[in-house]
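Q:
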């Protein structure tokens, strides 16, 4: 399955490109992802935890930077993993290109291969991937934002607003797709209703 995605980040191409070269930092912007080992300068091991309703998956795998072209601001990454519980496998070849500047446009072309439970989403995988990429771009933009634009950190001896002190939900590091899937289904239903309305009232 081929998936093409585009997002904008309010930072220069140079800033975004530099950060993309720091894989541990990039991983911190990927919901549910955690690096566990740096194999070499281009290969990393880690986990990605997913939750789709009652379905829970934990992929263990590797990510390898296959190519990185500073002149064209293009990089190719191969990611492969298997569910620890035998729920299938996932693999993707991603071509990432940076275009324009401040804000920077990030284009990603992905060749995705799924087996097992995730494959049951069918065409919905593309919609879900788009939502997840948007979340990644949002976190990436926040990471690159000037310090004055980031949420202020609270010192240990200072009080914080209740919203900042609220306990994190269980399994916060896992990527919860339930809400994303519901959003995708709502948007698809809305498009269907609009299409039907146009046919009834041309």
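Numbering (the working numbering), first residue to last: 1290 to 1491.
For every residue, glycine included, the Cβ atom is placed at its ideal position computed from N, Cα and C.
Measuring alpha carbon to alpha carbon, tell me which residue in 1395, 1332, 1407 is nearest residue 1361.
A: Minimum Cα distance to residue 1361 is reached at 1395.
Q: Runs of 4 residues minimum, wholly inside the stretch 1399-1439: which ones carry the alpha helix (DSSP H) assignment?
A: Runs found: 1413-1433.
Q: Buried or exposed: where does residue 1311 fall if 16 or more other Cβ atoms within 10 Å of its Cβ makes it buried?
A: Exposed is the call here.
Q: Ignore the nearest five residues each way along the sequence and tell me which others in residue 1379's own chain have a CB closer than 7 Å to its CB.
A: Closer than 7 Å at the Cβ level, and outside the excluded window around residue 1379, lie 1348, 1370, 1403, 1407.
Q: Tell me the DSSP secondary structure of residue 1294 in three-state form.
A: Reduced to three states, the DSSP call for residue 1294 is strand.
Q: Can you give me the Cβ contacts of residue 1325 inside the same chain, cut-off strictly under 6 Å, excluding the 5 residues immediately before and after it?
A: 1334, 1335, listed in sequence order.
Q: What distance in whole Å lies between the Cβ atoms of residue 1354 and residue 1366, which are believed to be in contact at a cut-off of 8 Å?
A: About 6 Å; that satisfies the 8 Å criterion.
Q: Would DSSP call residue 1304 helix, strand or coil?
A: Helix, per DSSP.
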